[in-house]
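Everything below concerns the one structure shown next.
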Ligand code: T1G
């Protein structure tokens, strides 16, 4: 059962339960529709709808997008909620995204947990909200905010959602708060669909169109979403929904949506294979050899992820250069508000710079990031091999050189992998985990776990010229 219902003292509790993120598929839509009828049959005072597993709902099940839509369709289900004489309250924890946010907007009231997020990210999948979002959101938050949220697809936090008028309250326990809502107050809230649509504003749409052409160049969905929002303002609500649905269905089968769905699932499929997931060595202290552009970027990424980091360089000049480069990266993050002064100080405290390889004796991982010369790499890996714990993982950031050749000269070649970062290493999401002929599952698993810790997308590569990314780039340049 993806939707469970229970009532207590005339209050209905409806739980969405489709682990891991309560994606909304046919079964969940069916269950929601039955819940509306159940609440009306039992003449409940209110229904509190919430998600199991600390998540409200991540949106429509994108896995269903490649097959024909199955009834009941989400717009009809949400209209039944919106028009029901039993008021629904959405108690939102975790995320309410896409269709999840649309379920919440069809409720009379929304209450969010402080760390929850809500949004309509459909354009990132090449589609537009397809269950009333382009008509309900403008009614709740006004045109400016709705256009921004829908066409850029960026979710917002609880406080921003409350000040925008999207949610009524931010509470630590949204379900309890929903239970405590005064019945008279709840009874005074009109169904979302009866709200007046905001007045048209031609200048706003013109500026938004120009902005999208610049910021989302080449992407079809954001501009179509803008068109649908604008057209919807002058249509009766239900006609606006029909128009929205038509554009959603058209985009869903288009090439851009298919490509973006492929990327969405491919990125998630790049996670560690199940048999590797629990073998990783826990890395608390990492060594980076080489404080040049790549080494400093890698060291910064490790510091930002909370690790203790030792940067090894050949001499004092190298250490100074490394310290200066990492300092600049810290300054840039401070300026952009990514970290605050306390975090910057904590990162600096966790970093040591040295020319002594003995500093690596307590590390679980070392990444060499010196220039691309096999002789130098052999020398550095041999020094690390001599001082680091027997179970530590040795990694090379080489872009092109043969990882097997590097491993072959070490006491234990099974602990060697490639960890190929892309410049700027602390920003670029891709991390190629290069599996040497003798790399152990534990070494590979440690690479995957590090990628997750750094918030990067891991891709397993074999030992070959340019691994994957640079190989593609080389062909691209030839073409
Ligand atoms: N559909 C199907 N599967 C989904 C999914 C979705 N919408 N979202 C997540 N998953 C799977 C994902 O593939 C992975 O599977 C697992 O859940 C955990 O995901 C009608 C039409 C919710 C913030 O764009 O942003 O609603 O790999 O690894 O890092 O208008 O998932 O474990 O087998 O990402 O904790 C709009 C997409 C849909 C949100 C959780 N919604 N999801 O992040 O876990 S279109 C979205 C996310 C729509 C309506 C329209 C994130 C997350 P597996 P994860 P996470």
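In my numbering, the protein residues as written are 41 to 519. The beta carbon of each residue, even a glycine, is placed where N, CA and C say it ideally should be. The structure displayed is predicted, hence computed values, not measured ones.
Sheet register partners of residue i (DSSP bridge)
i           : result
residue 365 : Answer is none; residue 365 lacks a bridge partner.
residue 47  : 52
residue 60  : Partner(s): none; residue 60 has no beta bridge.
residue 408 : 329 and 436
residue 472 : 460 and 499
residue 129 : 88 and 149
residue 157 : 135 and 197
residue 348 : 325
residue 391 : 349
residue 97  : 136
residue 209 : 151
Separation of residue j from residue i, as counted between CA atoms
i           : j           : result
residue 409 : residue 235 : 59 angstroms
residue 103 : residue 130 : 25 angstroms
residue 110 : residue 344 : 45 angstroms
residue 432 : residue 379 : 30 angstroms
residue 218 : residue 381 : 38 angstroms
residue 106 : residue 293 : 7 angstroms
residue 328 : residue 98  : 38 angstroms
residue 143 : residue 118 : 6 angstroms
residue 149 : residue 192 : 25 angstroms
residue 59  : residue 180 : 29 angstroms
residue 522 : residue 321 : Here the chain covers residues 41 to 519 and nothing more, so residue 522 does not appear.
residue 252 : residue 245 : 10 angstroms
residue 361 : residue 186 : 47 angstroms
residue 268 : residue 101 : 22 angstroms
residue 2   : residue 47  : What the structure shows of the chain is the stretch from 41 to 519, and residue 2 is not part of that stretch, so it cannot be assessed.
residue 115 : residue 172 : 6 angstroms
residue 490 : residue 323 : 8 angstroms
residue 168 : residue 260 : 10 angstroms
residue 90  : residue 486 : 36 angstroms
residue 427 : residue 347 : 20 angstroms
residue 465 : residue 478 : 26 angstroms
residue 108 : residue 121 : 24 angstroms
residue 196 : residue 271 : 25 angstroms
residue 214 : residue 153 : 6 angstroms
residue 443 : residue 457 : 7 angstroms
C-beta atoms of residue i and residue j nearer than 8 angstroms
i           : j           : result
residue 95  : residue 54  : no
residue 446 : residue 424 : no
residue 499 : residue 508 : yes
residue 417 : residue 438 : yes
residue 112 : residue 73  : yes
residue 61  : residue 85  : no
residue 151 : residue 201 : no
residue 43  : residue 56  : yes
residue 283 : residue 275 : yes
Closer than 8 angstroms to chain B by CB, residue i
i           : result
residue 425 : In the structure shown, chain B does not exist; there is a single protein chain.
### Message
Below 8 angstroms, how does it come out for the region 310-319 and the region 350-365: are there three or more Cβ pairs, yes or no?
### Response
no
### Sufficient close CB pairs (3 or more, under 8 angstroms) joining the region 287-306 to the region 193-213
no
### Stretch-stretch touch, CB-based, cutoff 8 angstroms, three pairs: the region 371-386 with the region 397-416
no
### Message
Between the region 131-141 and the region 220-239, can you find at least three pairs of beta-carbon atoms closer than 8 angstroms?
### Response
no
### Query
How do the region 281-296 and the region 263-272 stand: do at least 3 beta-carbon pairs fall below 8 angstroms, yes or no?
yes
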